[in-house]
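Just so you know, the sequence shown maps onto residues 1 to 170 in the numbering used here.
Written out below as structure tokens is the structure these notes cover.
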Amino acid sequence: MGPSNHVRSAHMEDTKGKGIIYEDDDEPIMLEEQDDSHTIRKFRMSLIGKFLNPKNQNVEKLLQFMPTQWKMEDRITANDLGNGKFLFNFSSEDDIQEVLRQVPFHYNFCMFGLVRWEPIVHDDYPWIIPFWVEITGIPLHLWTVKNIGGRLGHIDTMELSAGRLLIDVD
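Structure, rendered in structure tokens:
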């Protein structure tokens, strides 16, 4: 076959606001490095989350429900990022810390991960889910990262008085 000539419909571009995409146009878009410090500052007060079972969940309903559940509906904005991912934007560090103390999270009988936003480009991000784990049968003086940490995962926090650890599960 010889080269094909594509005729674009000016009428379609005018009425739809976009041209028709052909296979020849399916080249990858190259992203350039740029100063993203403004974006990083903008999202430093954000938590990013994702459902572990996105096919059976409604992100929009979660975005409406969780700020009310946390009693912060007037202090949080939320965005659906697609593919079962979402973003909560906070106005204060205290509110973020209050929410993060409530891990793990669930909505409509399904768990979701929620972590601080970072400039990471990966389909699986966020992939860490923090869990509070109660340890029994080990004397408190033996609660060390060396004794416990390597076996359970990364330890974020040890609360000796409460007998629990906050660990990150991949």
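In this text, a Cβ means the ideal position worked out from N, Cα and C, and glycines have one as well.
query	result
Cα-Cα, which of T136, P67, D168 and Q69 is closest to I128?	D168
Mind checking who S46 pairs with in its DSSP beta bridge?	N89
Give the C-beta separation of F90 and S46 to the nearest angstrom, bearing in mind that I take them to be a contact with Cβ-Cβ under 8 Å.	7 Å
Around the Cβ of I96, are there at least 16 other Cβ atoms within 10 angstroms (buried) or fewer (exposed)?	buried
So, under 8 Å CB-CB, K50 and F88 are touching, yes? Tell me the CB distance rounded to an integer number of Å.	With a Cβ gap of about 12 Å, K50 and F88 do not count as contacting.
When we look at the beta-carbon of M66 and count the other beta-carbons within 10 Å, is it buried (16 or more) or exposed?	buried
So, helix, strand or coil for F41, using DSSP?	Correcting the residue identity first, residue 41 is Arg in this sequence and not Phe. Residue state, collapsed to three classes: helix.
Shortest alpha-carbon distance to T144 belongs to which of I155, E134 and G137?	I155
Is DSSP giving T77 helix, strand or coil here?	strand
Put E27 into one of helix, strand or coil per three-state DSSP.	coil
Inspect the beta-carbon positions of I135 and L165 and report whether they are closer than 8 Å.	yes
What three-state label does DSSP hand I96 in the structure shown?	helix
Between the beta-carbon of A78 and the beta-carbon of L63, is there less than 8 Å?	yes
Among H141, E98 and N58, which residue has its Cα nearest to the Cα of W70?	E98
For M66, does the three-state DSSP call read helix, strand or coil?	helix
With DSSP run on the structure shown, which of helix, strand or coil describes E118?	coil
Does the distance from the CB of P130 to the CB of V103 come in under 8 Å?	yes
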